[in-house]
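All residue numbers for the sequence shown refer to my numbering, where the first residue is 6 and numbers rise by one. Glycine included, each C-beta is placed from N, C-alpha and C at the ideal position. Computed from a predicted structure; not experimentally measured. This report concerns only the one structure given below.
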Amino acid sequence: MKISIIGSGYVGLVTGACLAETGNEVILVDISEGRVGEINAGKCPIYEPGLQELLQKHIGSRLKATTNAQEAIFQSEIIFICVGTPQSKDGSTDMQYVISAAKSAGIAIRGRKDAPIIILKSTTPPTKIDEVVLAIENSSGKKDGEGFYFFTNPEFLREGSAVKDFQKPDRIVVGCSEGKSSEMLARLYSPFGSKMFFCSSKSAMMVKYASNSFLAAKISFANEIGNICKKLGIDSHEVANGMALDRRINRAFLDSGCGFGGSCLPKDTASLAFEAKMLGECSSMLSAVLEVNKNQPSKVIERLKTRLGSFSGKKIAVLGLAFKPGTDDIRESPGMEVAFLLHSQGAKVFAYDPKATENAKKHAPALNYCKSAKEAIEKSEAAVIMTDWKEFAEIDTEKYVLEGKRILKLKKPNYEGICW
Ligand code: UGA
6 MKISIIGSGY VGLVTGACLA ETGNEVILVD ISEGRVGEIN AGKCPIYEPG
56 LQELLQKHIG SRLKATTNAQ EAIFQSEIIF ICVGTPQSKD GSTDMQYVIS
106 AAKSAGIAIR GRKDAPIIIL KSTTPPTKID EVVLAIENSS GKKDGEGFYF
156 FTNPEFLREG SAVKDFQKPD RIVVGCSEGK SSEMLARLYS PFGSKMFFCS
206 SKSAMMVKYA SNSFLAAKIS FANEIGNICK KLGIDSHEVA NGMALDRRIN
256 RAFLDSGCGF GGSCLPKDTA SLAFEAKMLG ECSSMLSAVL EVNKNQPSKV
306 IERLKTRLGS FSGKKIAVLG LAFKPGTDDI RESPGMEVAF LLHSQGAKVF
356 AYDPKATENA KKHAPALNYC KSAKEAIEKS EAAVIMTDWK EFAEIDTEKY
406 VLEGKRILKL KKPNYEGICW
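Given below as structure tokens:
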């Protein structure tokens with residue numbers, strides 16, 4: 006099938022590369038000439054396991070990138086909208102990129118005789134979906150269900166395992182209005198062999214918001230229990246393991262620690278809370294999820310202070326700046342937050358991350374960056390582990406180490422966990 010994808014961020018790039026791998030002809034559309042140039046040169050603009058290999062395999066043949074939206078979209082049977090939906094200052098979802106992509110798609114299909122499929126993958130509040138359809142209708146002069154077919158299809162891939170998640174999803178959720186044929190979508194996704202779930206276009210997006218908020222809630226719940234466990238001298242991970250023996254409780258996302266980060270769980274939970282507020286609905290659970298998470302990095306700071314006293318002039322290693330292992334993404338990263346807090350309270354921070362150092366340097370040039378965990382620990386009197394990168398499991402030191410994420414293999418009296 007001929008596919009164009011508007012937006013070549015995490016979701017767009019991975020979707021494009023994986024759909025090229027299953028034999029489709031894919032054109033990635035992006036406004037950034039730099040990014041388009043990189044992709045066409047076979048260079049992956051983000052770190053994501055397996056993505057570089059897929060890009061190199063298909064670029065120039067089944068996969069291309071362009072800044073020319075009109076040309077790309079005009080040739081496509083399926084058009085994906087995969088642009089960002091960042092959070093505005095007031096907590097609402099910034100829809101400008103989605104609306105602009107919807108207009109581009111509409112303009113590009115104006116002169117077409119056939120009715121292409123337009124799929125909204127960007128995480129979009131259900132209340133805004135009608136605006137997207139209207140933007141396409143107004144710019145194309147065509148009606149949904151006649152001149153084009155509109156679907157929502159939220160994405161559930163995780164950073165750090167995005168390619169694997171796309172190729173082996175738990176479920177593929179497709180939203181459409183009643184009576185629309187989704188046969189082409191079923192064909193597109195058939196190589197991934199996953200269960201497809203069809204529902205209304207608004208329900209599909211709500212599945213995404215509710216899923217991310219639920220995952221965030223599981224983590225914040227685990228962290229609240231973990232904070233209580235810490236005071237009682239109980240190992241919260243042992244408690245989670247015991248809880249998970251009940252089949253109704255799944256062990257996933259019950260790892261307590263320094264809190265969740267990234268561009269999705271915090272944003273989507275906040276966005277849902279904002280939507281609830283606009284609807285006059287009380288969302289005390291969503292607010293509590295966010296509040297517990299906001300406070301979790303300060304638990305790391307409190308614990309370090311109890312051990313080290315004032316931070317003034319203290320040398321402290323911060324190990325892990327990416328919000329999770331397997332990525333160079335530092336958005337909403339607890340590691341960055343703790344590094345900032347320590348630095349602002351007078352500590353000399355020696356930071357290390359296997360992949361995210363370059364991104365971190367741009368945001369926090371005042372920190373001291375090291376080439377390895379060993380170097381950072383050697384230069385410091387204590388260390389804190391903020392990302393559960395596998396290589397940190399091997400850390401072996403007599404210095405005090407606080408785990409914000411549980412990863413250390415050795416159990417030593419000088420090692421301590423934030424919730425265990
Ligand atoms: C999340 C969802 O898991 C994906 O399904 C979704 O597609 C994606 O958001 C999105 O909306 O695009 P992601 O943000 O990549 O994926 O990362 P997660 O694996 O969900 O981890 C998020 C954060 O939670 C990380 O900081 C991680 O360290 C933390 N976490 C995770 C915990 O603190 N404890 C846990 O038990 C699990």
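- Each of A25, K62, I10, G267 was checked against the Cα of N73, and the nearest Cα belongs to I10.
- Distance from the C-beta of I224 to the nearest heavy atom of the ligand UGA is below 7 angstroms.
- Taking I141 as reference, the option from K69, P130, I123 with the minimal CA-CA separation is I123.
- When the alpha-carbon of E396 is set against those of K379, G409, V406, K223, the nearest one is in K379.
- Nearest to G180 by C-alpha distance, out of F155, S166, R192, K173, is F155.
- Annotation for Y420: V406, L413 place their beta carbon closer than 6 angstroms to its own, counting only its chain and skipping 5 residues before and after.
- Annotation for C234: the continuous alpha helix (DSSP H) segment containing it runs 206–237.
- In this structure the stretch 55–75 does not lie against the stretch 83–102, because fewer than three pairs of beta carbons, one per stretch, are closer than 8 angstroms.
- Not one heavy atom of the ligand UGA lies closer than 7 angstroms to the C-beta of L18.
- The C-beta of T274 has 16 or more other C-beta atoms within 10 Å across all chains shown, which makes the residue buried.
- In the DSSP annotation of this structure, the continuous segment of the beta strand (DSSP E) that includes I177 starts and ends at 176–180.
- The beta carbon of T27 lies closer than 6 angstroms to those of P196 in the same chain, with the five residues before and after it left out.
- If you draw a straight line from the Cα of M211 to the Cα of P131, it is about 6 angstroms long.
- With a minimum length of 4 residues, the unbroken runs of alpha helix (DSSP H) contained wholly in the stretch 56–139 fall at 56–63, 74–79, 101–114.
- Within the stretch 258–302, the runs of alpha helix (DSSP H) that reach at least 4 residues and sit entirely inside it are, in chain order, 270–283.
- When C-alpha distances from K320 are compared across N246, S289, A381, the shortest belongs to A381.
- Cα atoms of S144 and A387: separation of roughly 59 angstroms, rounded to the nearest angstrom.
- One Cα belongs to C204, the other to G266, and the distance between them is close to 30 angstroms.
- Distance from the CA of G422 to the CA of E76, rounded to the nearest whole angstrom, comes to 55 angstroms.
- For K304 and G89, the gap between their C-alpha atoms comes out near 32 angstroms.
- Exposed is the label assigned to T311, since fewer than 16 other Cβ atoms lie within 10 Å of its Cβ.
- By the neighbour-count criterion, in which a residue is buried when 16 or more other Cβ atoms sit within 10 angstroms of its Cβ, M391 is buried.
- Collapsing the DSSP output to three states places Y374 in a strand.
- In this structure, the alpha-carbon of T20 lies about 33 angstroms from that of M290.
- For S241, the enclosing alpha helix (DSSP H) begins and ends at 241–248.
- For T90, the Cβ stays outside the 7 angstroms cut-off from all heavy atoms of the ligand UGA.
- Around the C-beta of E53, 16 or more other C-beta atoms lie within 10 Å, and the residue is accordingly described as buried.
- Contact annotation: Y15 and A222 have beta-carbon atoms that are not nearer than 8 angstroms.
- Relative to the non-hydrogen atoms of the ligand UGA, the Cβ of D358 never comes closer than 7 angstroms to any of them.
- Secondary structure note for G17: its alpha helix (DSSP H) is the uninterrupted segment 15–26.
- Taking the Cα positions, F153 is about 43 angstroms away from K299.
- For the set L125, K376, A344, R411, the Cα lying nearest the Cα of K108 is the one of L125.
- One thing to note: K48 has its Cβ no nearer than 8 angstroms to the Cβ of E30.
- Taking 8 angstroms as the cut-off, the Cβ atoms of N373 and A352 do not count as close.
- Taking 8 angstroms as the cut-off, the Cβ atoms of F161 and C23 do not count as close.
- In the structure shown, F202 adopts extended strand secondary structure according to DSSP, grouped into three states.
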